[in-house]
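Q: Taken in order, these protein sequences are the chains called A and B. As numbered in the numbering used here, residues 746 to 929 make up the first sequence, in order. As numbered in the numbering used here, residues 746 to 929 make up the second sequence, in order. Beta carbons: idealized from backbone N, C-alpha and C, even for Gly.
There are 2 protein chains.
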Amino acid sequence: MNADLSVSPLSLAILGLISLQPLSGYDLRKCFATTPMGHFSASPGAVYPALGRLEKAGWIQGAQDDRQELRPRRMFSLTEEGKAILVAYLSRGITREDVIWRLDELLLRFSFMGHWVTKARVKRFLIQFGQEACRYVEVLRAQRASFPDLPSATARLALEYGIEQYQAAVRWADQALVEVGSKP
Amino acid sequence: MNADLSVSPLSLAILGLISLQPLSGYDLRKCFATTPMGHFSASPGAVYPALGRLEKAGWIQGAQDDRQELRPRRMFSLTEEGKAILVAYLSRGITREDVIWRLDELLLRFSFMGHWVTKARVKRFLIQFGQEACRYVEVLRAQRASFPDLPSATARLALEYGIEQYQAAVRWADQALVEVGSKP
DNA sequence: CGATACATGTAACCGGTTACATGATTTT
DNA sequence: AAAATCATGTAACCGGTTACATGTATCG
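#1: In angstroms with no decimal places, state the Cα-to-Cα distance between Ala748 (chain A) and Ile830 (chain A).
#2: Under 7 Å Cβ to Cβ from Ser836 (chain B), same chain only, skipping five residues before and after it: list those, please.
#3: How would you list, in chain order, the residues of chain B whose beta-carbon sits under 7 Å from the beta-carbon of Met858 (chain A)?
#4: Does the count of Cβ pairs from the region 849–863 of chain B and the region 752–765 of chain B closer than 8 Å reach three?
#5: Taking just the CA atoms, how far does Ala802 (chain A) sit from Gly827 (chain A)?
#6: From the DSSP output, which residues share a beta bridge with Phe892 (chain B)?
#7: Note down, in chain order, all residues in the region 777–789 of chain A with a beta-carbon under 9 Å from any beta-carbon belonging to chain B.
#8: With a cut-off of 8 Å, does the C-beta of Val925 (chain B) fall near any C-beta of chain A?
#9: Going along the region 859–885 of chain A in order, which residues come within less than 7 Å of chain B, judged by CB to CB distance?
#10: Extract the residue ranges of the alpha helix (DSSP H) inside the region 774–851 of chain B, only unbroken runs of 4 or more that lie entirely within it.
#11: Comparing the C-beta of Tyr906 (chain B) with each C-beta of chain A, is any distance below 8 Å?
#12: Which bits of chain B does Trp804 (chain A) rub up against, with CB to CB less than 8 Å?
#13: For the alpha helix (DSSP H) containing Val923 (chain B), list its first residue and its last residue.
#14: Could you compute how far the alpha carbon of Gly790 (chain B) sits from the alpha carbon of Ser856 (chain B)?
#15: Could you pull the DSSP bridge partners for Leu768 (chain B) from this structure?
#16: Taking one C-beta from the region 905–925 of chain A and one from the region 871–882 of chain A each time, how about it: are there three or more such pairs within less than 8 Å?
#17: Going by other Cβ atoms of all chains shown within 10 Å of its Cβ, with 16 needed for buried, is Gln910 (chain A) buried or exposed?
#18: My assumption, with CB atoms under 8 Å, is that Gln912 (chain B) sits in contact with Thr780 (chain A). Please give the rounded CB distance.
#19: Just checking: is the beta-carbon of Ala791 (chain A) within a distance shorter than 8 Å of some beta-carbon in chain B?
#20: Of all Cβ atoms in chain A, is any one closer than 8 Å to the Cβ of Glu909 (chain B)?
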């Protein structure tokens with residue numbers, strides 16, 4: 746109902762995973778525990794309440810799994826509204842702030858884009874991402890230059906770590922753009 | 746008093762900055778707002794309570810700034826105990842989990858190491874960091890290889906982004922080690 | 001005179017962490 | 001018999017976010 750309701754990274758990850766196939770809370774936790782998506786938390790105290798909130802919002806629905814053996818599972822799948830929210834979220838443009846402050850979330854978004862948005866949007870994402878990352882490299886370089894009073898060699902090196910990371914991001918975006926563009 | 750008390754990244758950043766010179770809460774917020782350290786939060790609702798906790802723990806102490814003009818500031822400096830906690834924290838070895846789940850915090854630690862720990866420890870940090878990052882690159886590569894069923898091209902590319910980031914980290918550590926080693 | 005910078009703080013809210021509870025089935 | 005796996009959840013705690021309150025000094 747409310748597409749600009751802000752979605753926490755964990756909720757976005759859940760929405761994205763469930764969009765691929767119905768999953769139980771336990772399935773989600775296993776997935777978080779064994780992949781880098783675990784950065785958005787694998788603890789039961791985060792996953793189950795998040796599922797509850799998403800169900801209450803009407804974005805996912807749980808169906809009792811009718812097996813006799815073991816404890817019954819609740820398999821969650823996306824509702825139409827949930828699908829709309831997910832697509833809206835994945836379609837959002839990238840801001841400079843996203844690239845600086847919410848890199849992880851951006852990559853999470855990107856990882857689900859392949860399924861639900863057009864190739865043109867994927868390309869736009871990569872172009873904007875590369876541009877903003879490039880700009881931020883300049884900002885960081887300027888910071889390095891304007892703080893010759895950087896308190897120590899390690900502080901300078903830590904800043905250079907950030908520069909290297911964003912440069913790698915720029916290269917990745919360029920390469921990914923080539924790959925996405927070449928496979929029609 | 747308790748060196749294995751876990752310190753939040755924000756508290757560590759505050760401890761580190763104050764270790765360089767006495768600062769007010771406002772100074773800290775400005776610093777967070779204008780540098781990548783802001784990743785550990787610049788909001789007053791985080792900084793002032795954190796200062797309160799650190800003071801209560803006896804790791805920092807605030808002194809009223811005796812200026813007539815403007816509102817009086819409280820300038821915080823490290824106590825001896827706070828200094829000990831900081832050094833203990835900076836001296837810690839790196840675990841695989843740190844490299845996978847707490848990269849930001851690791852770099853924060855590194856940025857303050859130059860002041861308070863020996864060059865040998867800085868080198869050890871870089872060696873361990875490089876090793877663990879290298880190992881994690883292999884883990885991620887294995888994941889890419891073992892999931893040919895990766896749901897989409899963008900999901901694969903997102904994983905490759907992670908690989909590129911950690912590879913850049915390995916290169917950075919190697920280069921940093923050379924720089925630290927060459928300047929006696 | 002209004003905006004901005006200086007400066008410190010509080011309160012409501014949200015959500016993640018850790019640890020625990022529960023209980024069946026399968027493996028050692 | 002014990003441990004591990006499957007499976008869902010709760011409760012206390014902690015701490016970050018947002019927004020607000022308060023008040024002075026300076027700049028345009």
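A: Let's see:
#1: Caution applies to Ala748 (chain A), whose pLDDT of 40 falls short of 50 and renders its modelled position unreliable; the model cannot decide the point.
#2: Around Ser836 (chain B): Val862 and Arg866.
#3: What Met858 (chain A) touches in chain B: Thr899.
#4: Touching, per the Cβ criterion.
#5: If you draw a straight line from the Cα of Gly827 (chain A) to the Cα of Ala802 (chain A), it comes to about 9 Å.
#6: None; Phe892 (chain B) has no bridge partner.
#7: If the cut-off is 9 Å between Cβ atoms, the region 777–789 of chain A has Thr779, Thr780, Pro781, Gly783 and His784 near chain B.
#8: Yes, because at least one Cβ of chain A sits closer than 8 Å to the Cβ of Val925 (chain B).
#9: Of all residues in the region 859–885 of chain A, Gly859, His860 and Val867 have a Cβ within less than 7 Å of some Cβ in chain B.
#10: Annotation: the region 774–851 of chain B contains the following complete segments of the alpha helix (DSSP H) (minimum length 4 residues), in chain order: 789–801, 825–836 and 841–846.
#11: Yes, Tyr906 (chain B) lies at the interface with chain A (some Cβ there is under 8 Å from its Cβ).
#12: Within chain B, no residue comes near Trp804 (chain A); the closest Cβ sits about 20 Å away, beyond 8 Å.
#13: Start and end: Ala898 to Ser927.
#14: Between the alpha carbons of Gly790 (chain B) and Ser856 (chain B) lies a gap of roughly 25 Å.
#15: Per the DSSP secondary-structure output, Leu768 (chain B) pairs in a beta bridge with B:Phe821.
#16: With the rule of 3 Cβ pairs closer than 8 Å, the region 905–925 of chain A counts as touching the region 871–882 of chain A.
#17: Only buried fits Gln910 (chain A), as 16 or more other CB atoms lie within 10 angstroms of its CB.
#18: Not really, about 18 Å apart at Cβ, beyond 8 Å.
#19: No, because no Cβ of chain B sits closer than 8 Å to the Cβ of Ala791 (chain A).
#20: Answer yes: the Cβ-Cβ gap between Glu909 (chain B) and chain A drops below 8 Å somewhere.
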